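Undergrad: For the sequence shown, the numbering used here assigns the number 28 to the initial residue and increments by one for each residue that follows.
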Amino acid sequence: MDVDSLRRDLIRRAREIISDPACWTQSTAARDHQSRSVRPLSAEAKSFCGFGALTRALQERGLTDRWLIEIFNALALTQLIRTNDDRGHAAVLAFLVQLENTPDFRDEYAPQRD
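1. Below 8 angstroms, how does it come out for the segment 60 to 71 and the segment 32 to 39: are there three or more Cβ pairs, yes or no?
2. Considering only heavy atoms of the ligand NAP, does any lie closer than 6 angstroms to the CB of D29?
3. With distances taken Cα to Cα, identify the nearest neighbour of A56 among L81, A49, R35.
4. Please classify F15: does DSSP put it in a helix, a strand, or coil?
5. By the three-class DSSP mapping on this structure, what secondary structure does S32 have?
6. Classify G79: buried if its beta carbon has 16 or more other beta carbons within 10 angstroms, exposed otherwise.
7. Whose C-alpha, out of R114, D131, D92, is nearest the C-alpha of R66?
8. Classify F32 as buried or exposed, calling it buried when 16 or more other Cβ atoms lie within 10 Å of its own Cβ.
9. Using DSSP with H/G/I as helix, E/B as strand and the rest coil, what is R88?
10. How big is the Cα-Cα spacing for Y136 and A117?
11. Can you round the beta-carbon distance between F122 and L107 to whole angstroms, since I take them to be within the 8 angstroms contact cut?
Shown next as structure tokens:
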């Protein structure tokens, strides 16, 4: 599988992980059933931010989170975290769709604030 196909698959899986608002969180990568902050790789993680969902998707494929920066650039990951924490669930899902369709992410592609 080439890197672009892997990137798209990871984004699709991350969207699946957080598609239900009950499985999504803000201000931390993941939370357990008691809303405590946990690592997204933890078996106890039940809700994820966009970044945490990408991390979990990597883990499910047997890859470590070190690959995030190799597959996605730092700007895209930073914007994902900001969108997740500042704009909410629908915005982070929309950003992931945009990221899936923009292999060479640049700041001008970032969702605009309402």
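Heads up, the beta-carbon is just placed ideally off N, CA and C, and yes, glycines get one too.
Bear in mind that the values here come from a model prediction, so they are computed numbers and not experimental data.
TA: Straight from the coordinates:
1. With the cut-off at 8 angstroms, the segment 60 to 71 and the segment 32 to 39 do not touch.
2. Of ligands this structure carries none, so the ligand NAP is not represented either.
3. Against the sequence shown, residue 56 aligns to sequence position 29. Checking every option, the nearest Cα to that of A56 belongs to L81.
4. In this structure the chain extends from 28 to 141, so residue 15 is not present and cannot be described.
5. Translated into the one-based positions of the sequence shown, residue 32 becomes position 5. The answer is helix: DSSP assigns S32 an H, G or I state.
6. In the sequence shown, the residue the question calls residue 79 occupies position 52. G79 should be labelled buried.
7. Residue mapping note: residue 66 aligns to position 39 of the sequence shown, counting from 1. When only C-alpha atoms are compared, the closest one is D92.
8. For the purposes of this step, residue 32 is taken as residue 5 along the sequence shown, with counting starting at 1. For the record, residue 32 in the displayed sequence is Ser; it is not Phe. Answer is exposed; the Cβ neighbour count stays below 16.
9. The residue given as residue 88 occupies position 61 in the sequence shown. Looking at R88 - three-state DSSP - the assignment turns out to be coil, as it is neither helix nor strand.
10. Counted from its first residue, the sequence shown places residue 136 at position 109. Counted from its first residue, the sequence shown places residue 117 at position 90. Any reading at Y136 needs caution, since the residue's pLDDT is 44, under 50, leaving its predicted position unreliable; the model's value is listed next. Taking the straight line joining both Cα atoms gives about 17 angstroms.
11. Against the sequence shown, residue 122 aligns to sequence position 95. Against the sequence shown, residue 107 aligns to sequence position 80. For a cut-off of 8 angstroms, the C-beta gap from F122 to L107 is around 6 angstroms, short enough to register as a contact.
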